[in-house]
Amino acid sequence: MVIIMLLYIIRHGETYGNINGDGFAETDLTPNGMRQIAFLGKRFKDTEIDKIYTSPLKRAIKTANAIKSFHEATPLVVDFSLLEKGTDPDYSGLPDEEILKISPFAKIGERKALGKENDEKAYLRAKEFIERIKAENDFNSTVVVVAHGTFNSYLVLAALDFPLKENFNFSHLNTGVTLVNYLEENGVLKTKLKYLNDTKHLD
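Mapping the sequence shown onto this note's numbering, position 155 (from 1) lands on 149, and the numbers just tick up by one.
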């Protein structure tokens, strides 16, 4: 068995929007959310990580930076393809200067808003992102992606090459970790879901 890529898909920490029932707004992490991301960072402290990708929304950047803080040499890429589905169609995330206040060495990708987006477009966005990171990362890479509860479901579907189904949704708790393994066994490429929505770091 040969590891081609280990892909961690992670939801951000708890926000005030999560508590108030407005999970799509640009709201900050709660004190509990800050506690969650501190434990998340420690969970990945001894994991070799080649690249971290994050949504440009504040809650995701702060969560990704909690992991990055233990991996100074690991690139953190702010990727606008990871915006949450349901984000204001004209909003493209934090301004660059605000991003760099949170994570001074972040690499900021091409800025773009989502526009109006249905399920099919969100799924296509996830598939395009997954194919792109598979192409741009080296063999035997470990990649971390920090995004959002709804969009992470599309990412998992795309990562596993599952079709989009109506009213289908994976559960993603705050700082829940999903691991997808891309492997080669006896010359055959395989994709395996190692675990879904794991929060053992909060126990």
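Each residue gets a CB set at the ideal place from its N, CA and C atoms; glycine is no exception.
For K159 and A58, I'd like the C-alpha separation in whole angstroms. Answer to the nearest angstrom: the Cα atoms are 29 Å apart.
Tell me the DSSP bridge mates of I(-3)? For I(-3), which the question treats as bridged, DSSP gives the partners L177.
Integer Cβ distance of K79 from T144, believed to fall under 8 Å: Contact annotation, K79 with T144: C-beta distance approximately 5 Å; criterion of less than 8 Å satisfied.
Tell me which residues share the same chain as G27 and place their Cβ nearer than 7 Å to its Cβ, disregarding the 5 neighbours each side in the sequence. Result list for G27: G7, E8, T9, N168, in chain order.
Boundaries of the beta strand (DSSP E) in which A141 is found, first to last residue: Element bounds for A141: 135 to 141.
Does DSSP put K159 in a helix, in a strand, or in coil? Note: K159 maps to coil in three-state DSSP.
Are there 16 or more other CB atoms within 10 angstroms of the CB of Y189, so buried, or fewer, so exposed? It is exposed - the Cβ of Y189 has fewer than 16 other Cβ atoms within 10 Å.
Is Y85 helix, strand or coil when you go by DSSP? Y85 falls in the coil class under three-state DSSP.
L70 bridges to which residues according to DSSP? I46.
Can you give me the Cβ contacts of L140 inside the same chain, cut-off strictly under 6 Å, excluding the 5 residues immediately before and after it? The sequence shown places Val at residue 140, rather than the Leu named in the question. Excluding positions up to five away in sequence, the list reads I4, T48, A54, T57, A58.
So who's on the other strand from K186, going by DSSP bridges? Note: K186 sits in a beta bridge opposite N175.
Distance check for K45 and I61, CA to CA, integer angstroms please. When the Cα atoms are used, I61 and K45 turn out to be separated by approximately 11 Å.
M(-1), buried or exposed, once every other Cβ within 10 Å from all chains shown has been counted against 16: M(-1) should be labelled buried.
Which same chain residues, not among the five before or five after Y148, have their C-beta less than 6 Å away from its C-beta? Excluding positions up to five away in sequence, the list reads A116, Y117, A120.
Once DSSP output is grouped into helix, strand and coil, what is the label at L108? L108 falls in the coil class under three-state DSSP.
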